[in-house]
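Asks: Here's a structure for you.
The following block contains the structure:
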């Protein structure tokens, strides 16, 4: 068991965002750890690298950087994300100390929930399936939740804590509760320059941790580094069926890549994908109040999609094959159906994939599974198991 020495763990980290500290321009954290919390937290002597991961070249392109929703006043720092990691896994963030953010976002499942609906702190069900968090930083409009009601990740991370089903704490109660937990004082001091606990600091550190969850070490990524054109060139590390699935995914026949863009495989805005012919869940329309938004939902990243079942906002599909079969011949003609899923006559598209082609697309989607990401210690729980 590594001894928790927060000062040693974070000493020497260069301060990367003046807005993250009450002492502007300070280059080193000078708070000293006065107590040993190794019986509670297992943190390394040197902080993990959250701020500057060694991203491959296809993750350092302009098309990806242009959809990065990280705000200038909350750049990722190693100290801030370390604090965010502790907060993310701390069940003290719920009213009865039973539920953490990680309770509904499980690392081994790509930070999604294997249940159709998640359980809140009193056992009640959430209204929708919990979204996976990998590559959350790459989304054009920066909005969060299926209905995009949160205008930023900084806003989103505080809402489940306050939700009467999910975690059940007011923000005032949250601040008071964390302020009374001794192990947070050095974490806040190293991250922000003082031990003061505030709503803003909780929001920023949780957001930093979630944005640091970049998945980039899947089989797909190993292949992408070996070709000139990701969409057109066969990957030398892929099987024949995986390459066939990749060609279909990037083809005009399926248009999968038109909705799941860039190597993050994320979307640009909420869309109606024809799950139902009539509105069964208002989606973004329930937020905007506009009829043209009814039944539209955020387009999430496909990274680690093979681990994040069940699928869709209501968890109606249990397997990737069911999802591909739906897009093949099951899209419904909802009035707000996205134009990319319509034929020229206005009817829902039918891809007419045969069984082997469906299997090929599923095989390709499984190449997006990143085992390094779902086992990476820096994204795991820092709490000592009792």
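In my numbering, the protein residues as written are 11 to 396.
Each residue gets a CB set at the ideal place from its N, CA and C atoms; glycine is no exception.
#1: Is the stretch 142-159 touching the stretch 171-182, taking contact as three or more C-beta pairs under 8 Å?
#2: Taking the alpha carbon of residue 75 as the point to measure from, which residue in 316, 208, 274 has its own alpha carbon closest?
#3: CB residue 350 to CB residue 268, shorter than 8 Å?
#4: Can the beta-carbon of residue 393 be found closer than 8 Å to that of residue 51?
#5: Ignoring anything shorter than 4 residues or poking outside the stretch 90-128, list the alpha helix (DSSP H) runs there in chain order.
#6: Please list the terminal residues of the continuous alpha helix (DSSP H) segment that includes residue 187.
#7: Quick one: measure Cβ to Cβ for residue 157 and residue 290, integer angstroms, because I've assumed they're closer than 8 Å.
#8: Three or more C-beta pairs under 8 Å: does that hold for the stretch 115-134 against the stretch 245-256?
#9: Under 8 Å between C-beta atoms, does residue 118 make it to chain D?
#10: What ranges does the alpha helix (DSSP H) occupy inside the stretch 131-173, keeping only unbroken runs of at least 4 residues that lie completely in it?
#11: In the DSSP assignment, find the unbroken alpha helix (DSSP H) run with residue 330 in it and report its ends.
#12: Are the CB atoms of residue 131 and residue 177 nearer to each other than 8 Å?
#13: Label residue 73 either buried or exposed according to how many other C-beta atoms from any shown protein chain fall within 10 Å of its C-beta, with 16 as the threshold for buried.
#14: If I'm right that residue 346 touches residue 282 with Cβ under 8 Å, what's the distance once you round it to whole angstroms?
#15: With distances taken Cα to Cα, identify the nearest neighbour of residue 241 among 257, 231, 341.
#16: Kindly identify the DSSP beta-bridge partner or partners of residue 271.
#17: Name the DSSP beta bridge partners of residue 306, please?
#18: Compare the C-alpha of residue 137 against each of 376, 322, 357 and name the closest.
#19: Within 10 angstroms of its Cβ, does residue 83 collect 16 or more other Cβ (buried), or is it exposed?
Replies: Taking the structure as given:
#1: no
#2: 274
#3: yes
#4: yes
#5: 111-114
#6: 181-189
#7: About 13 Å; that fails the 8 Å criterion.
#8: no
#9: Within the model displayed, chain D is absent; a lone protein chain is all it includes.
#10: 163-166, 169-172
#11: 330-339
#12: yes
#13: exposed
#14: 4 Å
#15: 257
#16: 276
#17: 293
#18: 322
#19: exposed
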